[in-house]
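A short worksheet on the structure shown next.
Numbering (mature numbering (1 follows the signal peptide of the UniProt record, and there is no 0)), first residue to last: -31 to -1, 1 to 486.
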């Protein structure tokens, strides 16, 4: 299954596990997602927090949580939400949540989302607590959760690990009718398994439903207003919440912003240009670095990388475990390295190996991007399938093959390095069993307090102009800029960004609009 393209950066571990441009993924096949009866009504700790909850959702808003010890000095719980908000008395599902208690006197709880769609907020908090500064940790409980359809929360479940391995070793030439026919046959089978193994939840993993879940999460952690830290796709989830519940918006930081007015086509074009700019920045660094496997100007270095990618596309190479590194796998590894300058030297070494006929290093990077465990060969998350399921509901897709081919050629012109492996989102969603439930539109969120939007000037996955656009749309938007490379800023940039975010959350000091870091 070929994934639709919005950034799927998941910031847990090293902030690098990304759905770069072409991934397919799943968990091992399992039974249909269990559903539960709606919870019985219980009294909340603070009645004022749920005073204006809709009557037909009261039982969800007033449920009392049982927090149990888990992970390392953390607490875990399950939160019930309706599968279908239009029928809240029907089936419900459970959201997995983890809390990292404040080290000082907590003034509240911050809910976090790492991106995606499909990233695990539970993993972000439980595995990467060092991301959050000591000042933030002292004042707030950090609460991570897996959104509906993700990992521990009624996960979208599709094909087996073995089948995913097989699909990642198969590149279809979608400029040919035979390639399209083969892809569609594979995709129809994959979708059938998604529907069979996930159940009815598959039709309700859209961002609007997840934003409504956020408001229930706000209430059950006993917050009158939601304090939120969202990265990448998490900015779309957060912006959607501000539109639906402006009166409940507390302190919001949206880092690595998605522009909600973008269509899937304009979004893809923006990413194509930004990833191309990123590989050029990498090449400038490589030209000056020891161990760069290529010689010449940055432009010549990029061309040599393209030529090497083309070699693997023409003749995939067998890795030590017998799998093949294809052109798309090579591109996936390249894309991953654009998310953080910490990977630039790693990419140099892997490209050196690849140029000498050793594909194992590039396959390791592609596996990391796909959440494939190098020791077991198992996929540690369902991110790739959640990514597709959510985006097929969130975006309207053009399914006409002529239009998709024309778009692909335009993407290749904009990004000679990555463009060939972008596009064709509509082909993935063409046979999706559920219709899109959203349309692109500006979000102003009238009536909220200040909302901080952070943009990184050379962000490949969420280009800087998107942060500028979201800031302009929001009635109370404040833009903070990090002049840097890679995806997002907080936790990986500098003290200027950290102080702006920490001061906003902890001290109530809104950063100056236009702050440059």
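Quick reminder that beta carbons are idealized off the backbone N, C-alpha and C, glycines included.
Burial of residue 456 is indicated by the presence of at least 16 other C-beta atoms within 10 angstroms of its C-beta. Residue state for residue 398 is assigned as helix, using DSSP reduced to three classes. Cβ-Cβ distances below 6 Å link residue 188 to 18, 19, 30 in the same chain, with the five nearest sequence neighbours on each side left out; the list follows chain order. Counted as a single uninterrupted DSSP element, the beta strand (DSSP E) harbouring residue 109 occupies residues 109 to 114. Collapsing the DSSP output to three states places residue 348 in a strand. For residue 432 and residue 479, the gap between their C-alpha atoms comes out near 24 Å. Classified as exposed, residue 410 has fewer than 16 neighbouring CB atoms from the shown chains inside 10 Å of its CB.
Exclusion of the five residues before and after residue 82 leaves 90, 199, 203, 206 as the residues of its chain whose Cβ lies within less than 6 Å of its Cβ. A straight-line Cα-Cα distance of about 45 Å links residue 441 and residue 147. Between the beta-carbon of residue 425 and that of residue 458 there is about 5 Å, and that keeps the pair under the 8 Å contact cut.
If only complete runs of 4 or more residues are kept, the segment 27 to 56 shows the alpha helix (DSSP H) at 27 to 30, in order along the chain.
Exclusion of the five residues before and after residue 279 leaves no residue of its chain whose Cβ lies closer than 6 Å to its Cβ. Of 44, 79, 37, the smallest CA-CA separation from residue 474 is found for 79.
The beta carbon of residue 436 lies closer than 7 Å to those of 226, 422, 423, 424, 448 in the same chain, with the five residues before and after it left out. CA-CA distance, residue 214 to residue 443, rounds to 14 Å. In terms of Cβ geometry, residue 34 and residue 114 do not form a close pair [threshold 8 Å].
Within 10 angstroms of the beta-carbon of residue 99 lie fewer than 16 other beta-carbons, which makes it exposed. Only residues of its own chain outside the window of five on either side were considered, and among them 451, 453 have a CB closer than 6 Å to the CB of residue 462, listed in chain order. Straight through space, the alpha carbons of residue 197 and residue 417 are spaced by roughly 13 Å.
Straight-line measurement puts the Cα of residue 364 at about 7 Å from the Cα of residue 232. Secondary structure note for residue 174: it is in no alpha helix (DSSP H), with a DSSP letter that is neither H nor E.
Taking a contact as a CB-CB distance under 8 Å, the pair residue 335 and residue 301 counts as one, their CB atoms being some 4 Å apart. For the 8 Å CB-CB criterion, residue 125 and residue 118 form a contact. DSSP places residue 377 outside any beta strand (DSSP E); the residue lies instead in the alpha helix (DSSP H), whose first and last residues are 370 to 383.
Distance from the CA atom of residue 134 to the CA atom of residue 289, rounded to whole angstroms, is 14 Å. In this structure, residue 86 sits near residue 356, with a CB-CB distance shorter than 8 Å.
Residue 52 and residue 183 have their C-alpha atoms some 14 Å from each other.
By the criterion of at least three beta-carbon pairs nearer than 8 Å, the segment 386 to 406 is in contact with the segment 152 to 170. Counting only the Cα atoms, residue 297 lies some 42 Å from residue 59. Cα atoms of residue 413 and residue 212: separation of roughly 7 Å, rounded to the nearest angstrom. Taking a cut-off of 8 Å for Cβ pairs, the segment 42 to 56 and the segment 165 to 174 touch, as three or more such pairs fall below it. In this structure, residue 138 and residue 293 form a Cβ contact; the two beta carbons are roughly 4 Å apart against a cut-off of 8 Å.
The alpha-carbon separation between residue 439 and residue 471 amounts to approximately 21 Å. In the assembly as shown, residue 132 is a buried residue. Its beta-carbon has 16 or more other beta-carbons within 10 Å. In this structure, residue 378 lies away from residue 143, with their beta-carbon atoms at least 8 Å apart. For residue 67, same chain residues with a beta-carbon under 6 Å away, outside a window of 5 residues either side, are 43, 45, 91, 94, 95, 113 in chain order.
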